[in-house]
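Colleague:
Chains as they are written, first to last, in our numbering: chain A, 7 to 407; chain B, 1300 to 1582; chain C, 4 to 331; chain D, 450 to 683.
1) Going by beta carbon distance, what residues of the same chain come within less than 7 Å of residue 1480 of chain B, once the five residues before and after it are set aside?
2) By the criterion of Cβ-Cβ separation under 8 Å, what are the contact partners of residue 523 of chain D in chain B?
3) Give the residues of chain B in contact with residue 206 of chain A, contact being defined as C-beta atoms less than 8 Å apart.
4) So, using beta-carbon positions, are residue 340 of chain A and residue 56 of chain A closer together than 8 Å?
5) Counting pairs of Cβ atoms below 8 Å between the stretch 149–166 of chain C and the stretch 247–260 of chain C, do you hit three or more?
6) Work out the CA separation of residue 1335 of chain B and residue 612 of chain D for me, nearest whole Å.
7) Could you spell out the range, first to last residue, of the beta strand (DSSP E) harbouring residue 464 of chain D?
8) With a cut-off of 8 Å, does the C-beta of residue 128 of chain A fall near any C-beta of chain C?
9) Does any residue of chain D bring its CB to less than 8 Å from the CB of residue 1461 of chain B?
10) Between the Cα of residue 84 of chain C and the Cα atoms of C/276, C/302, C/260 and C/233, which residue gives the shortest distance?
11) So, helix, strand or coil for residue 504 of chain D, using DSSP?
12) When the Cα of residue 367 of chain A is compared with those of A/392, A/139, A/73 and A/214, which residue comes out closest?
13) Does the pairing of the stretch 1341–1351 of chain B with the stretch 1548–1557 of chain B give three or more beta-carbon distances under 8 Å?
14) Expressed to the nearest angstrom, what Euclidean distance is found between the alpha-carbon atoms of residue 152 of chain A and residue 134 of chain A?
15) Just verifying my parser: in three-state terms, what is the DSSP assignment at residue 82 of chain A?
16) Please list the segments of the beta strand (DSSP E) lying wholly inside the stretch 141–171 of chain A, counting only runs of 3 or more residues, in order along the chain.
17) So, does the stretch 553–570 of chain D touch the stretch 1492–1501 of chain B, judging by three or more C-beta pairs under 8 Å?
18) According to the Cβ coordinates, are residue 495 of chain D and residue 456 of chain D closer than 8 Å?
19) Using a Cβ-Cβ cut-off of 8 Å, state whether residue 38 of chain C counts as contacting chain A.
20) At a CB-CB cut-off below 7 Å, which residues of chain B make contact with residue 48 of chain A?
21) Consider the Cβ of residue 300 of chain A: report whether some Cβ of chain C lies at a distance smaller than 8 Å.
22) Checking 8 Å against the spacing of the C-beta atoms, do residue 184 of chain A and residue 77 of chain C come in under that value?
23) From residue 100 of chain A to residue 355 of chain A, what distance separates their C-alpha atoms?
24) Check whether chain C comes within 8 Å of residue 220 of chain A, counting only Cβ atoms and requiring the distance to be less than that.
25) Residue 1576 of chain B and residue 1513 of chain B look like a contact to me (Cβ under 8 Å); what is the Cβ gap, rounded to whole Å?
26) Do residue 117 of chain A and residue 81 of chain A have their CB atoms nearer than 8 Å?
27) I want to see whether chain A comes within less than 8 Å of residue 1408 of chain B, judged by CB atoms only; does it?
28) Compute the Euclidean distance between the alpha carbons of residue 209 of chain A and residue 11 of chain C, then round it to the nearest angstrom.
29) Determine the DSSP secondary structure at residue 39 of chain A, reduced to helix, strand or coil.
30) Helix, strand or coil: how does DSSP classify residue 562 of chain D here?
31) Which residue's Cα is closest to the Cα of residue 300 of chain C: B/1300, B/1352, B/1411 and B/1386?
32) Note down, in chain order, all residues in the stretch 119–144 of chain C with a beta-carbon under 7 Å from any beta-carbon belonging to chain B.
33) Which parts of the stretch 202–284 of chain C are runs of the alpha helix (DSSP H), unbroken and 4 residues or longer, counting only runs that do not cross its ends?
34) How many Å lie between residue 9 of chain C and residue 190 of chain C at the Cα?
35) Give every residue of the same chain whose Cβ lies closer than 6 Å to the Cβ of residue 287 of chain C, excluding the five residues on either side of it in the sequence, and list them in chain order.
36) Considering only C-alpha positions, which residue in the set A/375, A/73 and A/357 is nearest to residue 281 of chain A?
The following block contains the structure:
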C-alpha cells in the first residue's frame, strides 16, 4: 500500500511545484520586504518565533493575491543578536538589496539600531518587539510601534492591584527590563502604592538572589513586581522566594509568563503568578476584531509542525499586516505617504488594535492580564475576554498543596 | 536579623562551592597543562543537558546522573585532548579551544534549541531555627565540595595523581621518569572536562539554563583559579568559597551590582598583594 | 624620538609609501564604488585593526598579554556617548575625548597592575573589565545604567568610516615606527627579559606604563567612532568579553608581535566570518569554529609564516620579512 | 651495552654534536668530559629521548633506541639524572621518589626500592615528608640520583652531579657512584670537573665543540698531555 502512495505524493508535488513555478514566473515583480532577526546568539529563541510570523504572513498574503496585485517577498537576515550587525544589515537591505520596505527586528536594542538606519534613508519601520519608550522619544519621524510602550504595559498590571499599598521591585539590568522598571516606578504612586525599598537590580550573570529577596522579605510587601527578561531569571526569583518563604499577596512578572517554557520549567511554583500578555492565541472574537486570527493560527500550525503560534509570531505577522494595510490605503509604494498612513491608521490586526500618536507610540493596543492557574495561562482582564477569575491572595508557599 | 545573615552566608558559601568545582576543572586544564581552555563552559553546559535529558526522558534521579555526565564528558575531554589539544599550549590552545567552544555551542543551539530548561526535582528549603537552607543548593554544594575533595585526594594519593602534579611542575622531567605524559595529560583533560560537567549537572537543579549556560561561569572560574594559585587544588576550593562568601556579604549589606564588582576588585587586590594567589607558591 | 619616527617612516621607502598611498586612495574611493553595507563592514574591520594593533603594543611587543582590553574600547565609547548625550558636546570632540578617557584609565591602573606579570596581569585586566562593566551599570545617573544610552544619528556613515580608516592607518604606522625607535626596542627587550632590560639601564616601569597608555588610547577613539555609528551603547555591548576574545584570536591568528599580524588577522577573520554567515545562517559559528580548529592544527603559528612563505613564493619577501625582523 | 654511532644533533639548523661515536660497557663507569658547551648534555638528552638526533644511531643491549619517546627509554633500563637536578619542587621527597618508580608496576617492588635508596641516602628518609624545593643543593642532588635509581635502571646517566655543591658532599656522591658500580649499575657520567670525572672512570671520552677528540681509560686520559694542558691546567 505504502509503495503506491509515495509515488503519487511525489507526482502531485512535482505537478504542484511546476504549476507554482510556472505561475510565479508569470506574475509581476514582487514587493520586497526585508529585516534582520536574531537567528543565532542569545536572542535566537525569540528571533525564530518572529521569523515564523513573517513567513506565515508572506505565505498568506501571496495566497490571497498579494498587495496591489503584486506578490510579496520577505528577506530575513541573521543579526546574531548584535545591534552592530543589525545596523550593518539594515544598511545592506536599503542600499544593496534595495528592498521596498523594512520589517522590524526583535527587541529594543536591535529596533534602536534599525530605526537609526531607517531614519537616515527615510524608510519607515513599524517596531515589532519593542516597548522601550526612548524609541519614540528621540524625535524620529519614520518609526511607529505595534506594542504598547512600557509605561502602558506595566500600567495595566499595576492598576489591577491598586488596592495594595506596599510594593517591592526587582529589575533585570537590560534595556527593555530597565524600561519596565522605570515605568513601574512611574506607575506606583499613581495607584497609591509605595516602594518599601529601592528597586533591586540584578544582572544576567547573577547566580544567587538570596540577599535581595531576604531584604524584601524583611519589609514584607503586599505586592512584588519583577521586571524579568525571561524564564531564566523568573525561575531563579520564584525558586529562591519559595526557599526563604517570601510571601507577598501577589506576584507580577514581565515577559516571563508568556514564554512557553515558563510553566514547564517552574511547574507548580508558577501557580498564582500574574503577568501581562499582549496576545493570546485563543480568545473570543468579541474583544477585538480578529477576523484573520483563526486563519493565522491554522496556517502557522500547518507550516510549523502543529505548533501553536506564540506572541512573538503574532507580533511580526501584525507588523506585516499593518504595512499591507498602509500600502493598500495609499495605493502606491511611496515611502513618505506610507509613513503618513502608518501614523494615521486606526485599525486592527491579528495582534490587536493599532493606533499611534504623533510620535508613533502605540495607543490602541489592549493588554491582557493573565494568571497561571492549574498549569495554564488564564486571561483575567479585559473582563469581556476573561477565561477565569483572579485567585487572590496568593497563599504562602508552605500552605500550598 | 541574625538568621537572615546566616541564611545569606550559607547561600553564598553554597554558590562558592559550585564556583570552586568549576574552577577545579579549569585548574587541571589550565594550571597543569597550560591550556587556556575556552571550551570549559560548554562542558558545563553539556553536563546540564545530560542530566536534563536523563531526567526528562528516562526519569533518572538527577543526582545519579552525575555518574553519567562524569564518564561521558571524561571521554569527550579525553578525545578532544587526544586528537586536538595535545599539541598546543598557551595562546594557540586558546584559539583552538575557542574553536571547539564555537562548534559545540552552535551545535547545542541547533540540537537543543535556545529555550530554557530546568530539572524540577528538589525545590524549597530546610528551615533550621529560622535559617533557610535551600535544598537544591545545599545538596549541589555538598556534592561539589565532595567532588573537589575527592579530586584533591586523587591528586595527592594516587600514582596518576602524583604524576599529574609532577607534570604540572616539570613536564620534561616527568617524561624522563617514565611517565607517559601524553596519556596522563589525556586523563587530566578528561577529568578537567568531567568536573565542570558534574557542576553543570548540579546546576540544572538550580537554574533554568539554555546552551549559553557556561558563559557566566567562565570568567569567574578563570579568576578563581588565579586567586587560589595556579595548579593549587585546595586553593581553588578556598578561592571559590571566598568569592561566594564575599559576594553574599556585599549583596546583603550593599547591593548586587557592588557585590559582583567586589568579586573582581578583590581578585585584583589579592593579586596585587600576593601575586601568586591565596595559596600559590611564592616565586 | 621624533627624529627616530621620521627616519623610520622614511625607511618605509617607495614600496611602503606606495602601499600607504594606495590604501588612502582605496579608502577614499571605496564609498563611491561599493554599497554602504560593504562600507560598514570595512568600518568594523578597521575597528578591529585598531584594537588588535593597540593590544599588540602591550601584549605582542611588551609581552604583557591583556585579557581585558575591551575595557579601553568600552570606556572610550561611554565617554563619547555621555559627553554627547548629557553635555551636548560636538561629536568629533567627544570622540577624541573618548580616547583621552581610555588613556586616562590606562594611566591610573597602569602602575599597580603592571607590577603583575604573565597570567596574573592577564587576569587582572579581565577582572578590571568586568568590574568596570558592573560599575557602569550601577552608576545610572551618569551612564544610563543597564538600559544604555541612545543618541540621535549625527554623523554620516562615510565620515565615520573615513575616520576609522585613517585611525587604523595611523595606528599601524605608530606600531611600525615604535619598533624603530628606542622606545619600541626597549619594549621588545622587556618582553624578552625584564631583568636584563633593567640592567641595560631601561626604566622598565616607565616604559611599560607608556606602552599601556598608548595601547589604551586608540581603542578609546575607535569606541567613540563606533558609538556614533550605532547610536546606542549599553554595558553589555561596551564591555563584552567576546570583543577581547576576538582581539586575541585575530591577532594570534595573524601573528602576534608583528606589525602586519594585527592587520591580516581582522581582514582574514572578517572576510571569512562574513562569507560563512551569508552562506550558512544557522551553522556559521560551528563552521567558523571548525575552520579555526583546522587552522590551529595545520598552522600552529598563525597565518604569518604561511604568508611569508607565500610572499617568498611571489617574490616580495622583502616586504614582509623586514617588518618581521624589526619586531623581533 | 650502550652504543652510539655517528651521532649528529642539531638545535634548529646549528649542529651541537657532530659525528660522535662511543660505547659503554656493562658494569663500568664511563665519563664524558669537556668544556661548557661541548655538547655533553646534548648527548645525554639524545640518549634519554628528549632531544631528537639528525643522524646516527643509538642502541642499547642491541635494541635501537633513537626515535623512542623518553618515557619508554626508562622502561628499557636507562635513567637520566639531568643537569640542574630538576626536582619536583612542590612534591614531597617521597613523592619525588615514587615518580621515579613510575614504571615499576609492582607495589611491593616499589617499597623494596624505596627501602634500598633510603639505605643509600639516609638523609632522604629523614626528609621524606618535606617538599623537594626546600632541600639544600646537595640533598637535591642526592634526591635526583635516588629518583633515578627508583626505576631500577641498568644504566644511570648523571649530568654534572658536582655542579654547585659543597666539596664534602661531592666526595660523598662520587663514593655512592662507585658503590653503584659495585652493585652492578652501569654509569654514564658527564662532568665538568675533569679530574674527578677521570679519576672515577673506567673509560672516558673527551668532547670538544661537539666532536669526540680523545678516548681511553680514565688513567690514560689523566696522563695525556692534551687533557693535562687543556683541562687540568698543568
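Where is the CB? At the ideal position from N, CA and C, for every residue including glycine.
Modeller: According to the data block:
1) 1466, 1470, 1473 and 1474
2) 1475, 1476 and 1477
3) 1554 and 1555
4) no
5) no
6) 37 Å
7) 463–473
8) no
9) yes
10) C/233
11) strand
12) A/139
13) no
14) 6 Å
15) strand
16) 149–151
17) no
18) yes
19) yes
20) 1511
21) no
22) no
23) 26 Å
24) no
25) In fact, because the Cβ distance is near 23 Å, the residues do not count as touching under 8 Å.
26) no
27) yes
28) 49 Å
29) strand
30) helix
31) B/1386
32) 119, 122, 123, 126, 127, 129, 130, 131, 133, 134, 137, 138, 140 and 141
33) 207–233, 238–241, 244–257 and 264–282
34) 19 Å
35) 279 and 280
36) A/375
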